[in-house]
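The next block holds one structure in the form of structure tokens; read it before the comments.
In my numbering, the protein residues as written are 586 to 768.
Structure follows, in structure tokens:
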């Protein structure tokens, strides 16, 4: 009787242990999803601001058609990206195109003085900062989640329930370089 009771206690403790780890993994997975949705919100805001910025600049920058088209094309690719890795790559290209565009704006004093353009540029700058903070928060959550599913003993429970490692939101090093614009 005592052996049976001891066996039942051990089984109950094991089940409680597994449930605790499983719930922690689910919580972390949901935090990763939430962090990604925060990035997604900021990226949508960025994508919505770009057409207004381009339209404001078009009248002034008639000779910079290639720069404007590069931003527009990069925005389209970024909006169609699926998943973290593809989004990170597309957003890196978009960021580079936007940087080149904003550097090109320096050659147009009338455009730099335009109140609509200045307001849109400030909104874009604010959004870029929010994207950076959201990306950092997402990567922190991915780190916590990946650590949990790779460390013993939670890796056993993670394997049993098919919890998979998540990708960090990283920009390619080639896309981190500051673009050079010459006139």
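C-beta atoms are modelled at their ideal positions from N, C-alpha and C, and glycine is treated no differently.
Please report how far the alpha carbon of residue i lies from the alpha carbon of residue j, in whole angstroms.
i, j, result
"residue 743", "residue 610", "7 Å"
"residue 735", "residue 720", "22 Å"
"residue 665", "residue 658", "11 Å"
"residue 677", "residue 729", "24 Å"
"residue 629", "residue 619", "15 Å"
"residue 691", "residue 755", "29 Å"
"residue 559", "residue 637", "Because the chain here runs from 586 to 768, residue 559 falls outside it and cannot be looked at."
"residue 644", "residue 681", "22 Å"
"residue 724", "residue 649", "36 Å"
"residue 605", "residue 616", "17 Å"
"residue 784", "residue 613", "For the chain, the structure presents residues 586 to 768; residue 784 sits outside this window and is missing."
Rounded to the nearest angstrom, how far is the Cβ of residue i from that of residue j, given a contact under 8 Å?
i, j, result
"residue 689", "residue 652", "5 Å"
"residue 702", "residue 709", "No, residue 702 and residue 709 are not in contact; Cβ-Cβ is about 10 Å, not under 8 Å."
Skipping 5 residues on each side, what residues in its chain have a beta carbon closer than 7 Å to that of residue i?
i, result
"residue 675", "662, 663 and 666"
"residue 639", "653, 656 and 657"
"residue 740", "734"
So, for residue i: in the same chain, excluding its five sequence neighbours on each side, which residues have a beta-carbon less than 6 Å away from its beta-carbon?
i, result
"residue 717", "none"
"residue 748", "610 and 734"
"residue 750", "731"
"residue 603", "742"
Residue ranges of each alpha helix (DSSP H) within the segment 701-748, 4 or longer: 739-745
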